[in-house]
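> If you're matching positions, the first sequence starts at 170 in my numbering and goes up one per residue.
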Amino acid sequence: MELSKNFEPQITDNKWYNHWLDKNYFKSTPDNREAYTIVMPPPNVTGVLHMGHCLNNTIQDILIRRARMKGYNTCWVPGTDHASIATEAKVVGMLRERGITKSSLSREEFLSYAWEWKEKYGGIILQQLKKLGCSLDWDRTSFTMDKEYYDSVIKVFVDLHKKGIIYRGKRMINWDVKALTALSDEEVIRKETKQKLYHLKYKLENSDEPIIIATVRPETIMGDAAICVHPNDERYKNLHGKFAFVPLINRRIPIIADEYVSMDFGTGALKVTPAHDVNDYALGQKHNLETIDIFNDNGTLSEAAQIYIGQDRFEVRKKIAVELEEKGFLLKTEEYTSEVGYSERTDVVVEPRLSLQWWLSMKDIATPALKVVMEEEIKFYPPKFKNVYRHWMENIKDWCISRQLWWGHRIPAWYDEEGNYVVAENEKEAIQEFSKKYGKSNLTIKQDEDCLDTWFSSWLWPFEVFKGYSNPNNDEINYYYPTNTLVTGPDIIFFWVARMIMAGLEYKKQIPFKEVYFTGTVRDKLGRKMSKSLGNSPDLLGLIDQYGADATRFGIMIASPAGNDILFDETALEQGRNFNNKIWNALKLIKMWEPRQSDTYQEENQFAINWFENRLDEVSKDVDNMMQQFRLSESLKTIYSLIWDDFCSWYLEWIKPGFENPINSSTYKKTVTFFTELMQLIHPFMPFVSEEIYHHLEKRNDDLCIKQLSNSKPFDSFTLSTGQLLKNTISGIRDVRNKQQLKPKETIQLFIQTDNENTYKSIESILSKQLNTSSINFTKENIAGSFTTIIDRDKFYVVTEKPIDSTNQKAELEKELNHLKGFLISVEKKLSNEKFVQNAKPEVLAIEQKKKADAESKIKTINDSLELLN
RNA sequence: GGGAGCUUAGCUCAGUUGGUUUAGAGCAUCUGCCUUACAAGCAGAGGGUCACAGGUUCGACUCCUGUAGCUCCCA
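Below you can see the structure in the form of C-alpha cells.
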C-alpha cells in the first residue's frame, strides 16, 4: 500500500474514534478488575469548547487511557451542568430576540422555553470533546437536572433542613441587579476599580461648621443612618452624641463613635449606610441604627430614597454629585482606586443588600472535609493548594444557596397565607407537614419561587452519576466510588472541590476522590487570561481541523506542569504536527524494508538492538514514575525524545541497510516490535496517530487502544553507557568532519587511543557506518598529520586525504585546556580542604578523586597533542 | 491589610533529601547540507556570574533572613 507523504489526521481521527466506539472500548461495567474512575467536571450546558476544557479533558483522557492500558476497568463519566444563572441569561436573551419578556411568561412557560433551548443547543461541548479524542463512557452522560438527579438534590435539601444545617434567614447578601438574584460570596469577583472619593459636607445641628465625610457612593446618602468616628479621634471628640443632617433630604442622623473607623482614611468620619454595605450593616446592628433600603431590585432608587426615584444608581451618582456641588455640599473629589465586587456571571457591580434567603451552615460539615485533605486521605497535586484550602475552610462562612431564578432545582419549601412554611419533598408531604406542625389542614399553600445555587446540585456529582444517593448501595456506586482522580482548575476549589468533599463525607461517609490534580490557567503568549473581550481565545475546533487532534493535544501538554499557568503558543501545535510527521516517516522507512528481508546475519545490528531494548525499558520505567507523580509534560517530553532522538536519529540510522540492500529479517521484526511499544507509550497522549501506525506496522486483530502495557523490565546500565559513548563519539567526530568541511561522501581514517578497546570493538561497525570511515584502528601513540580530538576519556585521530586544517585546532585545544585547568584547581581546592575530607561522605570523596584523576589525564593528553602541533 | 507562590539561556520550563565534571531540555538563533523516510527534515554550533544583598556550611541553583519585581487567593 502506498503511504501518503504526511500523516493526515483529517482522515484518520474520525475513523478511529468511530471504531473505538463501535468496539465499546470506552464502555465500562463492573467486573473483577480494579476500577479506575474519573468524573468529568461537568461544563455548563451552554458551554462551547475552549482552551481550559481542552487542557482539562486532555489530561483526563491521558490518565484514563493509560489506566486502561494498565489493566484497570476504566470509567470516565461525561455530563453537563444546568448552570442556572448562565443558562437562564441565555434563554432570556433568546426570548428577547423573539420579542418576549420573561415577566410576561408564567414559570411553566418559561421553563418549557428553557428546556427547548437546552435540547437544541445544550451539550454541544460534549460532541466537541469527541473531536479531541476523549474516551468517555457516553452511555453514562449525566445532567444535573435529570429526573433522578433532580429528586436527589431536593431530598438532600430536605434532609439537611431536617438536620438543622439548612435554615432561612434575613442577612446581607450580594445582589446581582441584572440577573435579579442573590449570589454566594464565591460568585463575586473583586476587581480594582478607579473611582472618585467625594468629600461631602454634612451640616451639624446647632453649629455653623459642617462635618466632612468621604465616600465613593454619594448616591447612597439618602440611606445614611449615622456618621461614625473613631472614639479616640481628637478632631471629633466634641461631636459624640451630637446630630448632623443628610444633604439634600435634610434627615437628622446621630454621630456615633466606634473603633471600626480608621482615623487616617478620608477625613476620619464615615457615613453609615446599613442597608447597602456589609460593614455598615454590622455597625448598624451594634448601634441599633435604622436600615433604610433606598434601592429597588434592579438597582434603581426606590421611594425610600425620596429623590431620583426610579433612576439607575450610577446615573444618580453622576447627577447627585452635580447637585451636591451646586448646592455647596461638595468640598472636593479625589481619584481613588479600590476593589469593587462584580457578579461572576453578569459582570455588573454587586449591590450588598439585606434579604431573606436560604442558607447552609458550613461549620460542622467543613470540619471533616478539612481533615481528609490535611491528612492526605485526599491528595492535592500540586500540594501548595492544601494551604489555600485550609485557609478557606478555617474561615468558612455560611453559604447562601437560594437564587431568584426559575431554571434550576426549585426550593422545596411551602408557605401558607400567613407566612408559615414547611420543607418537604413535594406538595402532598408539605400539606401533611403543615397539619403536623401547625395543626392546619385544607389550606392553600404556595411553593417557594426560588431555585437553588447550581453548586448545590453539582456537589453531589461524584456519587449521584452512579445513583449513589437515589439508589444507595447499588452495584455501580459500590464499584466505582470513591473515584480516583479529579482534574480541575484551582478557580473552583471552593465552589466545587471543597463542597464535593463535604457532600461525599456527609452522604457516602467516604471521600469522593483520592487525588485532585489542579491544572493551570491557560493564558495567551503574553500571559493574559483568555477572554472574549481581548479576542485572544483561539478557535479550538479550527486548530483541531488544521493540525489534528494529536498535535493539539501535544501542543497543550508539552508545556503544562501541574498547577502552573500555561502560556498557549500555536508553535507548540506545529511542533506536535511535525512530530506526527516524523513518526509517520519512520513508518514509511520501515515499510520500505518490509519486502526486502533476508536471512543474512548482520553483526552490527546486535548492539543497536540490544541498546534500544534497554533504552526502551529504562524510559518505560521513568515514564511510570513520572506518571505516578502526575508529571505529564515531562513524560511526554521523555517519550518525544525517545522516539525522535533515540529511535529515529540513532537506532534507525544504525540498522539502516545500504541503498536497496536487504535487511536482516530478525532485525526487521525487532524493529517492528520496538515501534509498536513506542506507539503504546505515546498512545495516551496521541491516540490517533499511534493507533493508525499500530495497524500499518502489522496486520492486527486487536487495537492499540486496549493493548496492555507490559510491566517494566530491568535494564543493563553498561549497555546504556556504551550506547552513550557511541553517540558521543559519533557526534564528536562529526564535529571534526564539519570543521574540516568534509563532504559526507569523503571517507576518513580513524585512530582510537583508549584503554577500552573491547568496548569500542562492540560498536566499531556502527562507528564506521555513521562516520564513513575507510578504516578504524587502535593506537598507543600520536598519529602525525591527523586532527586530534578528545571525547569522554579517549583520544581520536582523524586522517583525511585532504590536508588537515589545524589552524583552529590549536585554539580549540587550548580553550579546552584552560577549562580543564580551572576545573582541576577547584577540585584540588576541595580535596586539600581538611574539613571537606573529614566531613564529606566517602562516595562524594571518591567522586572528587576520580574527577581529579580524569582531569589530570585529560590535561596530559591535550598537552601531548599541543606539543605535536608546535 | 493578611496569606501563598514564583524569579535559572532570547522564549517556555527541568533541576527529587545541599556535593555524579564551574547548570540541563525543547523551541527560537547561527553554520553547513535538497544524503535514496522525513527541508514540517538532517548534521553541527553558540548562548546562563541560577532576580539582588547578606547569612549558615568544608561546600548553596538547592537551606535561612532581608530587598525588589511578578502572579494568585482572602479581607
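Each residue gets a CB set at the ideal place from its N, CA and C atoms; glycine is no exception.
Apply the 10 Å Cβ neighbour rule to F947 and answer buried if 16 or more other Cβ atoms are within range, or exposed otherwise.
Exposed is the call here.
> Can you tell me where the alpha helix (DSSP H) with T1030 in it begins and where it stops?
Per DSSP, T1030 belongs to the alpha helix (DSSP H) from 1011–1038.
> Within a Cβ cutoff of 8 angstroms, which residues of the same chain sit near D377, ignoring the five residues on either side of it in sequence?
Closer than 8 angstroms at Cβ, skipping near neighbours: no residue.
> Have a look at R386 and R486 and give me their C-alpha separation to the nearest angstrom.
Answer to the nearest angstrom: the Cα atoms are 7 angstroms apart.
> Given this structure, state the Cα-to-Cα distance separating Y550 from I228, to the nearest angstrom.
Cα to Cα, Y550 sits roughly 13 angstroms from I228.
> Using only the alpha-carbon positions, how far apart do T740 and L529 sit?
In a straight line, the C-alpha of T740 is about 48 angstroms away from that of L529.
> Measuring alpha carbon to alpha carbon, tell me which residue in N643, M669, K615, V656 is nearest P631.
When each option's Cα is compared against that of P631, the closest is M669.
> Do F625 and V1013 have their C-beta atoms within less than 8 angstroms of each other?
No, they are not a contact pair.
> Quick one: what does DSSP say Y477 is sitting in, helix, strand or coil?
Coil, per DSSP.
> Between the C-alpha atoms of E1025 and I994, what's the straight-line distance to the nearest angstrom?
Going by the C-alpha atoms only, they are around 11 angstroms apart.
> What first and last residue would you give for the alpha helix (DSSP H) that runs through G338?
It is not in any alpha helix (DSSP H) - G338 instead sits in the beta strand (DSSP E) that spans 335–345.
> Would T362 and T502 qualify as a contact pair, given that the criterion is a beta-carbon distance under 8 angstroms?
Contact flag unset, no.
> Considering only C-alpha positions, which residue in the set F854, Y607, L758 is nearest to I301?
The displayed chain sequence assigns Leu, not Ile, to residue 301. If we check each option's Cα against that of L301, F854 comes out closest.
> Check this for me: beta carbons of I778 and T836, under 8 angstroms apart or not?
Yes, the Cβ-Cβ distance between I778 and T836 is below 8 angstroms.
> For L889, which of D815, V841, F857, P826 has the nearest alpha-carbon?
Considering only alpha carbons, the answer is D815.
> Measuring CB to CB, does T249 end up less than 8 angstroms from P212?
In contact: T249 and P212 (Cβ atoms closer than 8 angstroms).
> Can you tell me whether DSSP reads F195 as helix, strand or coil?
In this structure, F195 counts as coil in the three-state DSSP scheme.
> Using 8 angstroms as the cut-off, can you tell me whether the region 652–671 makes contact with the region 608–615, which would need three or more C-beta pairs spanning the two stretches below that distance?
The region 652–671 is not in contact with the region 608–615.
> Please classify Q922 as buried or exposed, where buried requires at least 16 other C-beta atoms within 10 Å of its C-beta.
Q922 should be labelled buried.
> With the cut-off set at 8 angstroms, would you say R337 and V246 are in Cβ contact?
Contact: no.
> Taking the alpha carbon of Q364 as the reference point, which residue from Q978, V685, V518, T958 has its own alpha carbon closest?
When only C-alpha atoms are compared, the closest one is V518.
> Within a Cβ cutoff of 8 angstroms, which residues of the same chain sit near I463, ignoring the five residues on either side of it in sequence?
So the list reads T389, M391, G392, A444, H445, L470, S471, A473, A474, once near-sequence residues are dropped.
> Below 8 angstroms, how does it come out for the region 907–914 and the region 876–890: are there three or more Cβ pairs, yes or no?
Result no; under three Cβ-Cβ pairs closer than 8 angstroms.
> Does the Cβ-Cβ distance between V214 and G291 come in under 8 angstroms?
Yes; because the gap between Cβ atoms is below 8 angstroms, this pair is in contact.
> At the level of alpha carbons, what is the spacing between F1005 and K999?
Roughly 7 angstroms separates the two Cα atoms.
> Is R572 near C620, with beta carbons less than 8 angstroms apart?
Cβ distance < 8 angstroms, so R572 and C620 count as in contact.
> Using the Cα positions of K757 and E970, report the straight-line distance between them to the nearest angstrom.
Answer to the nearest angstrom: the Cα atoms are 37 angstroms apart.
> Please confirm whether L736 and R765 have their CB atoms less than 8 angstroms apart.
Cβ atoms of L736 and R765: not closer than 8 angstroms.
> Report the residue ranges of all alpha helix (DSSP H) runs contained in full by the region 272–321; include only those spanning at least 4 residues, in chain order.
With a minimum length of 4 residues, the continuous alpha helix (DSSP H) runs that stay inside the region 272–321 are 276–290, 293–301.
> Is it a yes or a no for the region 793–801 touching the region 743–760, going by three-plus beta-carbon pairs under 8 angstroms?
With the cut-off at 8 angstroms, the region 793–801 and the region 743–760 do not touch.
> Compare the beta carbon distance of H219 and L710 with 8 angstroms and say whether it is the shorter of the two.
The answer is no: Cβ separation not under 8 angstroms.
> Considering only C-alpha positions, which residue in the set V346, W823, T688, G497 is nearest to E933?
Answer by Cα proximity: W823.
> Relative to the C-alpha of P537, which candidate in N733, Y809, I680 has its C-alpha closest?
That would be I680, whose Cα lies nearest to the Cα of P537.
> Starting from W823 and walking both ways along the beta strand (DSSP E), at which residues does that stretch end?
Unbroken run through W823 is the alpha helix (DSSP H), 821–824; no beta strand (DSSP E).
> Determine the DSSP secondary structure at W576, reduced to helix, strand or coil.
Coil, per DSSP.
> Work out the CA separation of G435 and K316 for me, nearest whole Å.
Near 56 angstroms, if we compare the C-alpha coordinates of G435 and K316.
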